[in-house]
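Asker:
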Amino acid sequence: MPVFASGKLGSVGKAIDALAAKAISAVIKAGDISGKAGEVLLLTETGALPAERILLVGCGEKEAFDRVEYRKAVQASFTVLLNKSYADALFYLAADGISNGGAYRSARILAETWHRQSYRFRQPGKPKPAEQSLKKLSIIIDSKHRDAAKKGFADGNGVGVGMSFTRDLGNTPANYCTPSYLAGQARTLAKTDKKLTTQILTEANMKKLGMGSFLSVTAGSSEPAKFIIMQYQGAAKTKAPIVIVGKGITFDTGGISLKPPAAMDEMKYDMGGAASAFGVMRAAVEIGIKVNLVVLIPTCENMPSATATKPGDVVTSMSGQTIEVLNTDAEGRLILCDALTYARRFKPAALIDIATLTGAVVIALGKHRMGLMANSDKLANALMGAGDAADDLAWRLPLDKPYNDLLKSNFADMANIGGREAGTITAACFLSRFTEGMEWAHLDIAGVAYNGGTTSKGSTGRPVQLLVEYLLQH
Ligand code: BES
Ligand code: MN
Ligand code: ZN
Numbered sequence: 071m072p073v074f075a076s077g078k079l080g081s082v083g084k085a086i087d088a089l090a091a092k093a094i095s096a097v098i099k100a101g102d103i104s105g106k107a108g109e110v111l112l113l114t115e116t117g118a119l120p121a122e123r124i125l126l127v128g129c130g131e132k133e134a135f136d137r138v139e140y141r142k143a144v145q146a147s148f149t150v151l152l153n154k155s156y157a158d159a160l161f162y163l164a165a166d167g168i169s170n171g172g173a174y175r176s177a178r179i180l181a182e183t184w185h186r187q188s189y190r191f192r193q194p195g196k197p198k199p200a201e202q203s204l205k206k207l208s209i210i211i212d213s214k215h216r217d218a219a220k221k222g223f224a225d226g227n228g229v230g231v232g233m234s235f236t237r238d239l240g241n242t243p244a245n246y247c248t249p250s251y252l253a254g255q256a257r258t259l260a261k262t263d264k265k266l267t268t269q270i271l272t273e274a275n276m277k278k279l280g281m282g283s284f285l286s287v288t289a290g291s292s293e294p295a296k297f298i299i300m301q302y303q304g305a306a307k308t309k310a311p312i313v314i315v316g317k318g319i320t321f322d323t324g325g326i327s328l329k330p331p332a333a334m335d336e337m338k339y340d341m342g343g344a345a346s347a348f349g350v351m352r353a354a355v356e357i358g359i360k361v362n363l364v365v366l367i368p369t370c371e372n373m374p375s376a377t378a379t380k381p382g383d384v385v386t387s388m389s390g391q392t393i394e395v396l397n398t399d400a401e402g403r404l405i406l407c408d409a410l411t412y413a414r415r416f417k418p419a420a421l422i423d424i425a426t427l428t429g430a431v432v433i434a435l436g437k438h439r440m441g442l443m444a445n446s447d448k449l450a451n452a453l454m455g456a457g458d459a460a461d462d463l464a465w466r467l468p469l470d471k472p473y474n475d476l477l478k479s480n481f482a483d484m485a486n487i488g489g490r491e492a493g494t495i496t497a498a499c500f501l502s503r504f505t506e507g508m509e510w511a512h513l514d515i516a517g518v519a520y521n522g523g524t525t526s527k528g529s530t531g532r533p534v535q536l537l538v539e540y541l542l543q544h
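Residue numbers (the working numbering): 71 to 544.
#1: Is Lys329 near the ligand BES, with its Cβ less than 8 Å from a heavy atom?
#2: Under 9 Å between the Cβ atoms of Ala181 and Phe223?
#3: Taking His438 and Leu463 to be in contact with their CB atoms under 8 Å, please state how far apart those CB atoms are, rounded to whole angstroms.
#4: Where do the N-terminal and C-terminal ends of the beta strand (DSSP E) with Met300 fall, by residue?
#5: Taking only runs of the beta strand (DSSP E) that begin and end inside the stretch 481-536, which ones reach a length of at least 3 residues, in chain order?
#6: Does Gln255 come out as helix, strand or coil in the three-state DSSP assignment?
#7: Could you give the C-beta distance for Glu371 and Glu293, rounded to a whole number, given that I count them as a contact under 8 Å?
#8: Counting pairs of Cβ atoms below 8 Å between the stretch 89-106 and the stretch 141-159, do you hit three or more?
#9: Our contact map puts Leu363 next to Ile314 with C-beta atoms below 8 Å; I'd like the distance itself, whole angstroms only.
#10: Out of curiosity, what's the CA-to-CA distance linking Lys296 and Met71?
#11: Do Gly325 and Gly382 count as a contact pair if the criterion is CB distance below 9 Å?
#12: Grab the span of the beta strand (DSSP E) containing Cys407 for me, first residue to last.
#13: Under 5 Å, CB to any heavy atom of the ligand ZN. Which residues pass, going along the chain?
#14: Tell me whether Glu336, by its Cβ, gets closer than 8 Å to a heavy atom of the ligand BES.
#15: Looking at C-alpha atoms only, which residue of Lys417, Tyr162, Met484 and Thr149 is the closest neighbour of Ile124?
#16: Less than 8 Å between the CB of Thr530 and some heavy atom of the ligand BES, yes or no?
#17: Out of curiosity, what's the CA-to-CA distance linking Val355 and Leu266?
#18: Jot down the residue ranges of each uninterrupted beta strand (DSSP E) in the stretch 147-221, minimum 3 residues, whole runs only, in chain order.
#19: Using beta-carbon positions only, say whether His215 and Val361 come within less than 9 Å of one another.
#20: Could you compute how far the alpha carbon of Asn474 sits from the alpha carbon of Gly349?
#21: Going by C-alpha distance, which of Ala452, Gly489, Ser76 and Arg352 is nearest Lys261?
#22: Buried or exposed for Val138, please, with buried defined as at least 16 other CB atoms from any protein chain shown within 10 angstroms of its CB.
#23: By the DSSP assignment, the beta strand (DSSP E) with Gly325 in it spans what residues?
#24: Can you tell me where the alpha helix (DSSP H) with Gly349 in it begins and where it stops?
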């Protein structure tokens, strides 16, 4: 139950209070809860109400109760609920409405948050964590919006399942989460739905295709690289698919251009783009989204060794364009460019790549918004809008020609780096040279895919919400 600032109750709250023999107004009057955002109070006095407990949640000013505040209130509720052994809960938090979200959004946020907060990392080699006791959630909403709420709950559940999958893949250490492991995950996922098929290309296949750029990144690793193709048919065969490409570097040491040791463990998250592409596919299957979706995942390790690519080496990409590898740590773009070229055969309605591509985007936008770059205003706007609607925010950066010119090389068609300045943009400019004639967008998620540091360290599951929102709107 929401309690708004200065102890105000909504209209539904007043009715419940009457049923509960004024148990709610009594604790408000006694000063036990005032309605400040984040406050919680559990009551066992419930009068004639057919409930064993009432959890009061402070929601702040009633007029300012928007999606962001609602999310916080739902989160505060689960923090209490998931610590107890309760089996079911009934949510009244959206009963009086949210200023910028309807029944669909309220139910969706509830389902998503349930998954997010109950997520526990499954340690490899250990038994599954104990199942949570909370089994059933209900939401109280005006009955004329019943269908919208049901749809919201189902979509939110799909997004939640997808995000947890993304987080598991991201958090799994690189000695377990290898390219072959990801290929296995794709095969397992494909078995869950007839609409989904998968194909795994080996290094020999890639060689035949001419993926010299991708192969140059795996050259130093003893783990075989894989190119994962997942195809989901949710619409008529004739409908052009959305193609999503996810960067799948299962560990990025930097290669011969070796990274410094501090926080290098975080480079296990360098397959965050791939993990979120997996999550989106999982969500699409779960929800039964009515689009055709292709997911492409180039995956390998970036390792230094006697067989590794050296700075100054020139490699030939599948597109025929040659690349001078001036820095082996700019490897993401080298695997993505061949995947983007491969994507051409699907004649995509839209081509979207997701990658933990540059440290520079963390400096530019921090951990709040991801970087968005595109050769199409229409696609960029659609993705920005989807991010806004799903509270999974992006911000567009430009791709003007003067940035693109920074990739000049004396020895090949282009260099793989453009210098220190505008590093996020020059990385995207590099990719843009492989997407001409296709509607393409690039999401640089280096800042948002995971939390570093010591507390709450781990994969965030972003940008699964943004992409599922985009697919649903498409
Ligand atoms: N995987 C990194 C980018 C990254 C950095 C992700 C920090 C998450 C957190 C990428 O492969 C990389 O090393 N990029 C270089 C590019 C540079 C050599 C042009 C970078 O950002 O320093
Ligand atoms: Mn790198
Ligand atoms: Zn990388």
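For glycine and all other residues, C-beta sits at the position ideal for the given N, C-alpha and C.
None of these values were measured; they are calculated from a predicted model.
Answerer: The answer reads as follows:
#1: By one-based count along the sequence shown, residue 329 stands at place 259. Yes; taking the cut-off as 8 Å, the Cβ of Lys329 has a heavy atom of the ligand BES nearer than that.
#2: Residue mapping note: residue 181 aligns to position 111 of the sequence shown, counting from 1. Residue mapping note: residue 223 aligns to position 153 of the sequence shown, counting from 1. Result yes, Cβ atoms of Ala181 and Phe223 sit closer than 9 Å.
#3: The residue labelled residue 438 in the question sits at position 368 within the sequence shown. The residue labelled residue 463 in the question sits at position 393 within the sequence shown. About 7 Å separates the Cβ atoms of His438 and Leu463, confirming a contact at the 8 Å cut-off.
#4: Taking the sequence shown and counting its residues from 1, the one referred to as residue 300 is at position 230. Per DSSP, the unbroken beta strand (DSSP E) holding Met300 starts and ends at Lys296 to Gln303.
#5: Correct list: 510-514.
#6: Within the sequence shown, numbered from 1, the residue matching residue 255 stands at position 185. Three-state DSSP puts Gln255 in a helix.
#7: Along the sequence shown, read from residue 1 onward, the residue named residue 371 stands at position 301. Along the sequence shown, read from residue 1 onward, the residue named residue 293 stands at position 223. 5 Å between Cβ atoms; contact.
#8: Output reads no: the stretch 141-159 does not touch the stretch 89-106.
#9: In the sequence shown, counting from the first residue as 1, residue 363 sits at position 293. In the sequence shown, counting from the first residue as 1, residue 314 sits at position 244. Rounded to whole angstroms, the Cβ separation of Leu363 and Ile314 is 7 Å, and the two are in contact under 8 Å.
#10: For the purposes of this step, residue 296 is taken as the residue at position 226 of the sequence shown. For the purposes of this step, residue 71 is taken as the residue at position 1 of the sequence shown. Here the alpha carbon of Lys296 sits roughly 50 Å from the alpha carbon of Met71.
#11: Working through the sequence shown from its first residue, we reach residue 382 at position 312. Working through the sequence shown from its first residue, we reach residue 325 at position 255. At the C-beta level, Gly382 and Gly325 stay beyond 9 Å of one another.
#12: For the purposes of this step, residue 407 is identified with residue 337 of the sequence shown, where counting begins at 1. For Cys407, no beta strand (DSSP E) segment is defined; the enclosing uninterrupted segment is the alpha helix (DSSP H) at Gly402 to Ala413.
#13: Output, sorted by chain position: Ile319, Asp322, Asp340 and Gly402.
#14: Mapped onto the sequence shown, residue 336 falls at position 266. Remark: the shortest separation between the CB of Glu336 and any heavy atom of the ligand BES falls under 8 Å.
#15: One-based indexing of the sequence shown puts residue 124 at position 54. Minimum Cα-Cα distance from Ile124 among the listed residues Lys417, Tyr162, Met484 and Thr149 corresponds to Tyr162.
#16: Within the sequence shown, numbered from 1, the residue matching residue 530 stands at position 460. Flag unset: Cβ of Thr530 not near the ligand BES.
#17: Translated into the one-based positions of the sequence shown, residue 355 becomes position 285. Translated into the one-based positions of the sequence shown, residue 266 becomes position 196. Each residue's Cα considered, the two are about 8 Å apart.
#18: Under the rule that a run must span 3 or more residues, the beta strand (DSSP E) segments found entirely inside the stretch 147-221 read 158-161 and 206-209.
#19: Against the sequence shown, residue 215 aligns to sequence position 145. Against the sequence shown, residue 361 aligns to sequence position 291. Contact: no.
#20: Taking the first residue of the sequence shown as position 1, residue 474 is located at position 404. Taking the first residue of the sequence shown as position 1, residue 349 is located at position 279. If you take the alpha carbons of Asn474 and Gly349, they lie about 32 Å apart.
#21: On the sequence shown, position 191 is the one that residue 261 refers to. Checked all of Ala452, Gly489, Ser76 and Arg352; the closest Cα to Lys261 is Arg352.
#22: Translated into the one-based positions of the sequence shown, residue 138 becomes position 68. So Val138 counts as exposed.
#23: Taking the sequence shown and counting its residues from 1, one reaches residue 325 at position 255. Taken as a continuous stretch (DSSP letters only), Gly325 belongs to no beta strand (DSSP E), as it is neither H nor E.
#24: Within the sequence shown, residue 349 is the residue found at index 279, counting from 1. Gly349 -> alpha helix (DSSP H) spans Gly342 to Ile357.
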